[in-house]
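Student: Encoded as structure tokens, here's the structure I'll be asking about.
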Amino acid sequence: MSEFSTDAVKADEVRAFLLELQNSICDRLQSVDGKSKFREDAWQRERGGSGISRVICDGAVYEKGGVNFSHVFGDSLPPSASASRPEMAGRSFQAMGVSLVIHPGNPHVPTSHANFRFFIAEKPDEAPVWWFGGGYDLTPYYGHEDDCRHWHQTARDACDPYGPELYPRFKRECDEYFYLPHRKEPRGIGGLFFDDFNESGFERSFAMVQSIANSYLDAYVPIVMARMAAPFTEQQKQFQRYRRGRYVEFNLVYDRGTLFGLQSGLGRVESILMSLPPEVSWVYDWHPEPGTEEARLYTEFLRARDWLA
852 MSEFSTDAVK ADEVRAFLLE LQNSICDRLQ SVDGKSKFRE DAWQRERGGS GISRVICDGA
912 VYEKGGVNFS HVFGDSLPPS ASASRPEMAG RSFQAMGVSL VIHPGNPHVP TSHANFRFFI
972 AEKPDEAPVW WFGGGYDLTP YYGHEDDCRH WHQTARDACD PYGPELYPRF KRECDEYFYL
1032 PHRKEPRGIG GLFFDDFNES GFERSFAMVQ SIANSYLDAY VPIVMARMAA PFTEQQKQFQ
1092 RYRRGRYVEF NLVYDRGTLF GLQSGLGRVE SILMSLPPEV SWVYDWHPEP GTEEARLYTE
1152 FLRARDWLA
């Protein structure tokens, strides 16, 4: 992978796209909910960046959700960020992105996560170092084969114009990244994940990111609409709260963005922790009853699969 490109790197265009992406996602999700609206919290640091946090709570569909934009910058990266990348030392930097997590109330509607980010570090008389990262993944509580196939088909369709090798590569990276080693289980049924991506040059890499980002609503909204009116029991709600515990464990122990934001001091704590669900439970040494839908989640869905075979 080459980190340097002769393309003109247009950070302002990336920022404009990310802000429009935040608007389009919030507008569409809000229209599906029909009850609650996203509350906006625009924030500004004295030095080092700004952002727009949008949170929806207690909706007809979403128990809690957040769609955040942030843009942070500085004259130099903290030592923790440049320790393994000595070429980054002494460079000014910008990091911007949209990150979202949606926790529906109905246990039959999966939680979804998406993140799209851009990083650039610059130094006079030297080529910039830049890359894109992001993707999206799905965390069902009750498995539905049709939902999983639709999610992955939409992901593949977004990747294919930029190379048939990208979907299987990004799917594999997603399966490997959203995995809890201490539980020996994936967080959900995966999707797409990429990081440090710049190998196609700026224009084509940016176009690919736009294609994937714009496909998120196409992937998620049909699943939400198909499941949001499904009846559910209190026992199923309890299982949802239990499984949400895995989400919390991953985000606080392994998620790179969460850890970078909290450890570097560059992030805004309230915006970072918006990814956590409103209600969650941990039950000591719990296991599902064999033959139940809860057990089927573990045996048929929480494993790496070729959903489009």
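Our numbering numbers the first residue of the sequence shown as 852 and each following residue consecutively.
The C-beta atom is built at its ideal place from N, Cα and C for all residues, glycine as well.
Would you call Thr-1150 buried or exposed, if buried means 16 or more other Cβ atoms sit within 10 Å of its Cβ?
Tutor: By the neighbour-count rule (16 or more Cβ atoms within 10 Å), Thr-1150 is not buried but exposed.
Student: What would DSSP say about Thr-1143, mapped onto helix, strand or coil?
Tutor: Thr-1143 falls in the coil class under three-state DSSP.
Student: Just to confirm my understanding: we take Thr-857, look at its own chain, exclude 5 residues before and 5 after, and list those with CB closer than 7 Å. What are they?
Tutor: Residue confidence is low: Thr-857 scores 45 on pLDDT, short of 50, so the model does not pin down where it sits. Its coordinate-derived value is still stated next. Excluding sequence neighbours, Thr-857 sits near nothing in its chain.
Student: Extract the residue ranges of the beta strand (DSSP E) inside the segment 855-879, only unbroken runs of 3 or more that lie entirely within it.
Tutor: None, since the segment 855-879 contains no complete beta strand (DSSP E) of that length.
Student: Report yes if the C-beta distance between Ala-911 and Ser-887 is below 9 Å; otherwise report no.
Tutor: Going by C-beta atoms, Ala-911 is nearer than 9 Å to Ser-887.
Student: Between the Cα of Ile-955 and the Cα atoms of Glu-1121, Val-906, Glu-996, which residue gives the shortest distance?
Tutor: A small correction: the amino acid at residue 955 is Pro; Ile does not occupy that position in the sequence shown. Taking only the C-alpha atoms, the option nearest Pro-955 is Val-906.
Student: Starting from the C-beta of Pro-1012, find all residues in its chain whose C-beta is less than 7 Å away, skip the five residues before and the five after it, and write them out in chain order.
Tutor: These residues qualify, in order along the chain: Ser-1062.
Student: Distance, Cα to Cα, Ser-927 vs His-1003?
Tutor: In a straight line, the C-alpha of Ser-927 is about 39 Å away from that of His-1003.
Student: At the level of alpha carbons, what is the spacing between Gly-1039 and Leu-1017?
Tutor: Each residue's Cα considered, the two are about 20 Å apart.
Student: Do Leu-1148 and Arg-1095 have their CB atoms nearer than 9 Å?
Tutor: Result no, Cβ atoms of Leu-1148 and Arg-1095 do not sit closer than 9 Å.
Student: On the DSSP bridge list, what partners appear for Gly-1041?
Tutor: In the DSSP output, where bridge partners are listed per residue, Gly-1041 has Leu-989.
Student: In its own chain, which residues sit with a C-beta less than 6 Å from the C-beta of Cys-908, not counting the 5 before and 5 after it?
Tutor: Excluding residues within five positions, the ones whose Cβ falls inside 6 Å are Lys-915.
Student: Does Gly-1014 pass the burial test, meaning 16 or more other C-beta atoms within 10 Å, or should it be called exposed?
Tutor: Under this definition Gly-1014 is an exposed residue.
Student: Considering just the uninterrupted stretch of the beta strand (DSSP E) at Tyr-913, what are its terminal residues?
Tutor: Tyr-913 -> beta strand (DSSP E) spans 913-925.
Student: To the nearest angstrom, how far is the alpha carbon of Ala-1155 from that of Arg-1092?
Tutor: About 23 Å.
Student: Within the same chain, show all residues whose beta-carbon is closer than 6 Å to that of Asn-919, passing over the 5 residues directly before and after it, in chain order.
Tutor: Closer than 6 Å at the Cβ level, and outside the excluded window around Asn-919, lie Ser-904, Ser-950, Ser-1122.
Student: Val-952 and Met-1125 look like a contact to me (Cβ under 8 Å); what is the Cβ gap, rounded to whole Å?
Tutor: With 8 Å as the limit, Val-952 and Met-1125 qualify as a contact, their Cβ atoms being about 7 Å apart.
Student: Of the choices Arg-1000, Trp-1158, Gly-986, Glu-891, whose alpha-carbon is the least far from that of Asp-1047?
Tutor: With distances taken between Cα atoms, Asp-1047 lies closest to Gly-986.
Student: Quick test of your reading: Gly-964 and Gln-945, contact by CB under 8 Å. State the CB separation rounded to the nearest angstrom.
Tutor: Reading the sequence as shown, one finds His at residue 964 and not Gly. 23 Å between Cβ atoms; not a contact.
Student: So, using beta-carbon positions, are Gly-994 and Arg-968 closer together than 9 Å?
Tutor: Not a contact, by the Cβ cut-off of 9 Å.
Student: Please determine if the segment 863-882 and the segment 1067-1081 are in contact, where contact requires at least 3 C-beta pairs separated by less than 8 Å.
Tutor: Touching, yes.
Student: With a threshold of 6 Å on Cβ separation, who are the neighbours of Ala-859 within its own chain once the five nearest residues in sequence on each side are excluded?
Tutor: Counting only Cβ-Cβ distances below 6 Å, and skipping sequence neighbours, we find nothing.
Student: Would you list, in sequence order, the uninterrupted alpha helix (DSSP H) runs of no fewer than 4 residues that lie entirely inside the segment 1085-1155?
Tutor: Those alpha helix (DSSP H) runs which fall completely within the segment 1085-1155 and span 4+ residues are 1085-1104, 1107-1115, 1120-1123, 1144-1147.
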